[in-house]
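**Student:**
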């Protein structure tokens, strides 16, 4: 049976095409003559949490700009992820406190640049997945110093998910997504003694889902 066409697979194919030509998703969008934020992770989900798909026009412009064929693109979409599940894949790794510094992520929240270590991990169906190592005790009792969080930037965060986000002033934090609207995002701490935080959406650079943690 062919793999099911999903929102995550289509966006992963765009990300894979960008990497094939040595570009970030933002760089691919600019080369195609689109707004530089068109392929940012923040544009893949609406403010109400609904999935936003790339348009056929934007895909056509990407193929024209890169010289890739439609068959190249569909091959990336339909690549069977099951063939990768038995083999550990290298995943970029940095400390959670380092993630707030510049140069580690592009403006869509995807890992770029230098300074990453690597771990091997077999269980993430996301070519853009990366790992953050917890430092300190700010996320106890759920996560402790030395725990590793696997982050999937292509997985759409939903209410109740554990997420990592970075604010526009460079602060990176792990929280629980309580509510997201077109204007604000409400987050809960892992420690129930702490009150919820509410951020206007324009204060959040990016937000990604935690899909696994070593505990």
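In my numbering, the protein residues as written are 90 to 304.
From the three backbone atoms N, C-alpha and C, an ideal C-beta is built for every residue, glycine too.
A quick note: this is a predicted structure, and the numbers were derived from the prediction, not measured.
Quickly, what does DSSP pair residue 262 with across the bridge? List them, please.
**Tutor:** Start at 1 with the first residue of the chain shown, and residue 262 comes out as number 173. DSSP, once it has assigned bridges, lists 254 as partnering residue 262.
**Student:** For the beta strand (DSSP E) that contains residue 295, what are its first and last residues?
**Tutor:** Within the chain shown, numbered from 1, the residue matching residue 295 stands at position 206. Element bounds for residue 295: 293-302.
**Student:** DSSP has residue 268 in a bridge; who is on the other side?
**Tutor:** Your numbering for residue 268 matches position 179 in the chain shown. Bridge partners of residue 268: 275.
**Student:** Measure the beta-carbon distance from residue 101 to residue 216 and round it to whole angstroms, keeping in mind my assumption that it falls under 8 Å.
**Tutor:** Here the question's residue 101 lines up with position 12 in the chain shown. Here the question's residue 216 lines up with position 127 in the chain shown. Contact between residue 101 and residue 216 holds, since their C-beta atoms are separated by about 6 Å, short of 8 Å.
**Student:** Per DSSP, which residues does residue 110 bridge with? Please list them.
**Tutor:** On the chain shown, position 21 is the one that residue 110 refers to. Partner(s): none; residue 110 has no beta bridge.
**Student:** With residue 238 and residue 302 assumed to form a contact (beta carbons below 8 Å), what rounded beta-carbon distance in angstroms separates them?
**Tutor:** Taking the chain shown and counting its residues from 1, the one referred to as residue 238 is at position 149. Taking the chain shown and counting its residues from 1, the one referred to as residue 302 is at position 213. Indeed, because the Cβ distance is near 5 Å, the residues count as touching under 8 Å.
**Student:** Can you tell me whether residue 130 is buried or exposed? The criterion is at least 16 other CB atoms within 10 Å of its CB, across all chains shown.
**Tutor:** Residue mapping note: residue 130 aligns to position 41 of the chain shown, counting from 1. Looking at its Cβ environment, which holds 16 or more other Cβ atoms inside 10 Å, residue 130 is buried.
**Student:** Spatial neighbours of residue 232 within its chain, please: C-beta separation below 6 Å, excluding the five flanking residues on both sides.
**Tutor:** Translated into the one-based positions of the chain shown, residue 232 becomes position 143. 223, listed in sequence order.
**Student:** In chain order, what residues of the same chain have a beta carbon less than 8 Å from the beta carbon of residue 240, not counting five sequence neighbours either side?
**Tutor:** Taking the first residue of the chain shown as 1, we reach residue 240 at position 151. Contacts found: 218, 219, 220, 221, 253, 297, 298, 299 and 300.
**Student:** Classify residue 234: buried if its beta carbon has 16 or more other beta carbons within 10 angstroms, exposed otherwise.
**Tutor:** To locate residue 234, count along the chain shown from 1; it is residue 145. Under this definition residue 234 is an exposed residue.
**Student:** Could you give the residue range of the beta strand (DSSP E) that holds residue 208?
**Tutor:** What you label residue 208 is simply residue 119 of the chain shown in a count that begins at 1. Looking at the DSSP string, the run of the beta strand (DSSP E) that includes residue 208 is 206-210.
**Student:** How would you label residue 159, buried or exposed, when you count the other beta carbons within 10 angstroms and need 16 or more for buried?
**Tutor:** By 1-based counting over the chain shown, the position of residue 159 is 70. Exposed: under 16 other Cβ atoms inside 10 Å.
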